[in-house]
Amino acid sequence: MDHKSLNMVIFSGDYDKALAALIMANGAREMDVQVTMFFAFWGLLLIRNPKNLSDADKTMYEKMLAALTPRHAEELPLSRMNMAGIGKSMLLNMMDQNDTPHLIDFLNGAQHKGVKFYACKLSLEIMGFKPEELIEGVTVVEVKDYLQDALAANMQLFI
Amino acid sequence: MDHKSLNMVIFSGDYDKALAALIMANGAREMDVQVTMFFAFWGLLLIRNPKNLSDADKTMYEKMLAALTPRHAEELPLSRMNMAGIGKSMLLNMMDQNDTPHLIDFLNGAQHKGVKFYACKLSLEIMGFKPEELIEGVTVVEVKDYLQDALAANMQLFI
Amino acid sequence: MDHKSLNMVIFSGDYDKALAALIMANGAREMDVQVTMFFAFWGLLLIRNPKNLSDADKTMYEKMLAALTPRHAEELPLSRMNMAGIGKSMLLNMMDQNDTPHLIDFLNGAQHKGVKFYACKLSLEIMGFKPEELIEGVTVVEVKDYLQDALAANMQLFI
């Protein structure tokens, strides 16, 4: 029997939107649904490995962008009420009180459960992020590979 | 004959995005399409009943969040050009000149026409909103219930 | 044999989100996928013709909105890190270094490749934009026409 499938573009680099996406991804895997996440533009900020960031081979603009963006998924701001980080630390406290794992836990969980992580080649090139700066287990693909996968899925979201 | 079906996650708490979602929901019901709206995170701000809000049983953070967020759908800000409310009052004036109903009318219309309103259990817990603070006719469900419904729908949107 | 089909609502008026949408639209057409883009609310800012903008027959609010919004797709701000235009000019420089075309090129490319451009009638009316202010080749349609097309598509996104 065919498995259902869910395809998500993660365009946003906001903590709360990424959390929503990864909670869905984890839930879907527990229901045996095949899940693909295609990280593009700001979404790439979720899958950089802070230990592997390097300025080698980068232009001035690429270095500036690397310096101005969060180095790690947990450092992403909220889409709303971030209030220079106060709103976000409020949210994290409320999540802790509810025993809800943090973004990084859902990210690791998704990988362990077999969610496919794809990074957008064109976005990487424009932003000057190198494939070796990404976390392990991410495949770099073209927009057309994403479209192929998405068109065949039962459900697609742009986040 | 099977009816077509539309499933929307309402993640955003922006007036304009909520308006777009509810205009689609009303239109779809008039075309006899089955419609489910799953309110999560900031989207919960659309379905709180301002008369039922209470600080009972809330932690300090939950009280702060309740105090800092709009109490009612009509109080939501715009996603863009809100300009401390000036842009929004401009939009409302333009809607009035065009005889376009306001958000709350589309929200009531959607409920009357049979749009299913679901609230995300996990989001409620994290944000400290109680089911009894929501408007009537909303069912609290798990992320997996949402996914089940969405995967079976003809069309899914993340708003 | 049936062609696959992709339907996108372009609600956002952000340069980076519009870029993502149009890169997908171009890629999909190259794969012989049928593509419809339905421009609503801020998304209308992508398809105004700066040479045809006029204040004739506009109310005070409609004139104010016309004056406060970008007149042309290339003038749209970023959804994030816009920093009064500094972030955006950084992005454009990085795109140039990578030989990536600009938004307007992807917009023209999409039209030449046969992407269907629809403008939301209700949004036009509320915002006071006239059909004759839009670029050539755009059809004004009702929300229900959009829904009909979207429900029949293989894939739908809200951007």
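Chains as they are written, first to last, in my numbering: chain A, 1467 to 1625; chain B, 1467 to 1625; chain C, 1467 to 1625.
We treat Cβ as the ideally placed atom computed from N, Cα and C, and that holds for glycine.
Identity of the residue in the options nearest residue i by Cα
i	options	result
A:E1599	A:K1554, A:D1571, A:N1473, A:P1516	A:P1516
A:S1471	A:M1497, A:W1508, A:V1501	A:V1501
A:S1478	C:A1539, C:L1534, C:S1545	C:S1545
C:G1603	C:R1495, C:I1489, C:Q1577	C:Q1577
A:E1608	C:Y1481, C:A1486, C:D1468	C:A1486
B:F1505	B:L1617, B:F1595, B:A1522	B:F1595
C:D1615	B:D1482, B:I1489, B:A1494	B:A1494
A:I1570	A:M1530, A:T1525, A:K1529, A:I1513	A:I1513
B:L1510	B:M1621, B:D1611, B:V1606, B:A1618	B:V1606
A:K1610	A:A1533, A:D1565, A:P1597, A:L1588	A:L1588
B:W1508	B:L1519, B:T1525, B:R1537, B:Q1622	B:R1537
A:I1601	A:T1535, A:D1523, A:A1539, A:Q1622	A:A1539
A:A1491	A:E1591, A:G1553, A:K1579	A:K1579
C:K1483	C:K1554, C:D1565, C:E1591	C:K1554
A:P1597	A:S1520, A:P1567, A:T1566	A:S1520
B:E1591	B:A1533, B:T1525, B:Y1481, B:N1620	B:T1525
B:T1535	B:D1480, B:H1469, B:A1522	B:D1480
A:M1556	B:A1533, B:N1620, B:A1619, B:C1586	B:A1533
Residue interval of the beta strand (DSSP E) (run including residue i)
i	result
C:S1471	1471-1476
A:M1621	1621-1624
C:T1605	1604-1607
Residue i - partner residues in DSSP beta bridges
i	result
A:M1503	A:M1474, A:F1583
C:R1514	C:L1600
Proximal residues of chain B, C-beta to C-beta of residue i below 8 angstroms
i	result
C:I1476	Going along chain B, no residue has its Cβ under 8 angstroms from C:I1476, so there is no contact; the nearest lies around 11 angstroms.
Cross-chain neighbours of residue i in chain C, by beta carbon under 7 angstroms
i	result
A:T1525	Q1563
B:N1518	Chain C residues near B:N1518: none, gap ~30 angstroms exceeds 7 angstroms.
B:A1494	L1613
Proximal chain C residues relative to residue i, where beta-carbon distance stays under 8 angstroms
i	result
A:Q1622	M1621, Q1622, L1623
B:V1581	Going along chain C, no residue has its Cβ under 8 angstroms from B:V1581, so there is no contact; the nearest lies around 13 angstroms.
B:M1556	Y1527, M1530, L1531
Anticipated Cβ contact below 8 angstroms, residue i with residue j, distance rounded
i	j	result
C:M1474	C:Y1584	Contact flag wrong, Cβ pair sits at about 10 angstroms.
B:L1613	A:M1497	6 angstroms
A:Y1527	C:N1559	5 angstroms
B:L1542	B:M1593	Not really, about 15 angstroms apart at Cβ, beyond 8 angstroms.
B:V1499	C:L1617	7 angstroms
C:Q1563	A:Q1622	No, C:Q1563 and A:Q1622 are not in contact; Cβ-Cβ is about 31 angstroms, not under 8 angstroms.
B:I1476	B:I1625	5 angstroms
Contacts that residue i makes with chain C (C-beta to C-beta distance below 9 angstroms)
i	result
B:D1482	F1477, F1507, W1508
A:L1485	By Cβ distance, chain C contributes nothing, its closest Cβ being about 17 angstroms from A:L1485, past 9 angstroms.
A:L1588	I1489, N1564, T1566
Limits of the unbroken alpha helix (DSSP H) element including residue i
i	result
C:K1554	1552-1563
A:G1575	1569-1578
A:A1491	1481-1496
C:G1547	Gly is not the amino acid found at residue 1547 of chain C; the sequence shown has Met there. No alpha helix (DSSP H) contains C:M1547, which DSSP labels as neither H nor E.
B:E1528	1526-1534
Chain-ordered chain A contacts of residue i [CB-CB under 8 angstroms]
i	result
C:M1547	L1534, T1535
B:M1540	Reading off the sequence shown, one finds Glu at residue 1540 of chain B, where the question assumed Met. The premise fails here: B:E1540 is roughly 18 angstroms from chain A at the closest Cβ pair, so nothing lies under 8 angstroms.
Partners in chain B for residue i, counting only beta-carbon separations shorter than 7 angstroms
i	result
C:G1594	M1560
A:K1470	L1617
C:E1591	N1564
Closer than 7 angstroms at the beta carbon, the chain A residues around residue i
i	result
C:M1497	K1610, L1613
Where residue i meets chain B, residues with beta-carbon distance less than 9 angstroms
i	result
A:K1529	Going along chain B, no residue has its Cβ under 9 angstroms from A:K1529, so there is no contact; the nearest lies around 30 angstroms.
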